[in-house]
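A.B. asks: The opening position of the sequence shown corresponds to residue 186 in this note's numbering, with each subsequent residue numbered one higher.
Ideal Cβ positions, reconstructed from N, Cα and C, are used throughout, including at glycine.
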Amino acid sequence: MNQSGPAVEGLLWFNVRGKVYELLINCIPPEIILKAIFKPPYAVLGGIPICFPQRGLLEQHGFARNRIWIIDDNPPPLHPNDPSDKAYTDLLLKPSEDDLKIWPNSFEFRLRVSLTSDGNLSLMSRIRNINYKPFSFSIAYLTYFSFSDISEVRVEGLETLDYLDNLCQRERFTEQGDALTFESEVDRIYLGSRDTIAILDHERKRTFLIQKQGLPDVGVWNPWEKKSKTMVDFGDEEYKEMLCVNGAAVEKPITLKPGEEWTGRLELSVVPSS
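This is how it looks when you write it as structure tokens:
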């Protein structure tokens, strides 16, 4: 905790009946933890970094993932249909004077991180424009998953979708396969995806499910061998055991008028598979 008041300066870890602990461990590959730079203003390359606002003259992926969030003791009420059987924490981010110099827009970013009794991890974001003028932003939840063998992983739910290939100057292509498998570097943004994406881990006979709301796009990233060796906080062989799949709103930035609020939600679960 920050001496000047409650603040989040580390990683959030939960354990509900063992299941969610396994899910979170598998969001942060162990070698990434060993090589991570636990020092501001660096974000840990693993877990679920939140990329916001991704607009204007900003550092890579925006600044939210590199900031200290305070604990929100009195958040506005959520929708009445939000399940009550959860363990949760509410966090709040407001722009600093330095943030306003590179992105001159006032906002409140509220994040509820919660676990259901059956072991699902949920992140709900509420971003409010407290500015005197409209602003636009993009957002992504860069969710890292750990696997024993990337060659045994496939992603379903992206078939027939158009995607922007960041390895080809964001040229637009259409996914041709019935599932996405991995044999080389990939860095893509799939557009207009369905609300549920499945990541099948054949080696460990399990499936990660990503369910999302307000996040029409899906990013998929694995740096593969060559790029891994250029990353100081990433193991040379780690690409064989990880994959980043994220819910995002990237292609069409979200615009908020003064006083308006946007809500987005990402839920992660893991189920057995054959």
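1. Can you check whether the CB of Pro-260 is closer than 7 Å to the CB of Arg-295?
2. What first and last residue would you give for the alpha helix (DSSP H) that runs through Asp-285?
3. I'd like the list of long-range same chain contacts for Tyr-317, defined as Cβ closer than 7 Å, with 5 residues on each side in sequence excluded.
4. How about Cys-429 and Tyr-329: are their beta carbons less than 7 Å apart?
5. Which residue or residues does DSSP assign as beta-bridge partners of Leu-278?
6. Beta carbon of Val-456, beta carbon of Thr-392: below 7 Å?
7. Output yes or no for whether 7 Å exceeds the beta carbon distance between Asp-372 and Arg-357.
8. Would you tell me roughly how many angstroms separate the C-alpha atoms of Asn-305 and Leu-451, rounded to the nearest one?
9. Quick check on this structure: which residue in Lys-412, Gln-354 and Glu-341 has the alpha carbon closest to the alpha carbon of Asp-380?
10. Counting only runs of 4+ residues fully inside the segment 394-449, write out the alpha helix (DSSP H) ranges in chain order.
11. From Val-405 to Ala-325, what distance separates their C-alpha atoms?
12. Using the beta-carbon count (16 or more within 10 Å), is Ser-323 buried or exposed?
13. Looking at C-alpha atoms only, which residue of Ile-253, Leu-285, Tyr-424 and Pro-319 is the closest neighbour of Leu-276?
14. Decide if Val-435 is buried, meaning its Cβ has at least 16 other Cβ atoms within 10 Å, or exposed.
15. Where does Arg-389 fall in DSSP's three states?
16. Measuring CA to CA, which of Glu-426, Ala-272 and Val-417 is closest to Asp-303?
17. Measuring only the C-alpha atoms, how far is Ser-413 from Pro-438?
18. Which residue marks the beginning of the beta strand (DSSP E) containing Ser-458, and which one marks its end?
19. Using a Cβ-Cβ cutoff of less than 7 Å, which residues in the same chain neighbour Val-397 once the five nearest sequence positions on both sides are dropped?
20. Just to confirm my understanding: we take Arg-297, look at its own chain, exclude 5 residues before and 5 after, and list those with CB closer than 6 Å. What are they?
21. Do Glu-370 and Glu-360 have their C-beta atoms within less than 7 Å of each other?
22. By DSSP's criteria, Lys-271 is part of a beta bridge. Which residues make up the other side?
23. Can you name, in chain order, every residue of its own chain whose Cβ lies under 8 Å from the Cβ of Thr-440, other than the five neighbours on each side?
24. Name, in chain order, the residues that DSSP records as bridge partners for Ile-235.
25. Run through DSSP, which three-state label would Leu-343 get?
26. Quick one: using the 10 Å Cβ neighbour count with 16 as the cut-off for buried, is Glu-423 buried or exposed?
27. Return helix, strand or coil for Pro-261, following the three-state DSSP convention.
28. Exposed or buried, Gly-377, counting other C-beta atoms within 10 Å across all chains shown (16 or more means buried)?
29. Report the three-state DSSP secondary structure of Leu-376 (helix, strand or coil).
C.D. replies: On the basis of the data shown:
1. With respect to Pro-260, Arg-295 sits close: the two C-beta atoms are nearer than 7 Å.
2. Here residue 285 turns out to be Leu, not Asp, going by the sequence shown. That run of the alpha helix (DSSP H) goes 282-287.
3. Pro-443
4. Yes, the pair counts as a contact, with Cβ atoms nearer than the cut-off.
5. Looking at the DSSP assignment, Leu-278 forms a beta bridge with Phe-294.
6. yes
7. no
8. 10 Å
9. Glu-341
10. 409-413
11. 11 Å
12. buried
13. Ile-253
14. buried
15. coil
16. Ala-272
17. 30 Å
18. Run containing Ser-458: none; DSSP gives neither H nor E here.
19. At residue 397 the sequence reads Lys, which differs from the Val that was named. Once the five neighbours on either side are set aside, the close Cβ partners of Lys-397 are Asp-380, Gly-432, Arg-450 and Leu-451.
20. Tyr-273, Asp-275 and Met-309
21. no
22. Thr-301
23. Cβ within range, chain order: Pro-319, Phe-320 and Ser-321.
24. Note: Ile-235 sits in a beta bridge opposite Tyr-326.
25. coil
26. buried
27. DSSP, reduced to helix, strand and coil, places Pro-261 outside both helices and strands of the structure shown, so it counts as coil.
28. exposed
29. coil
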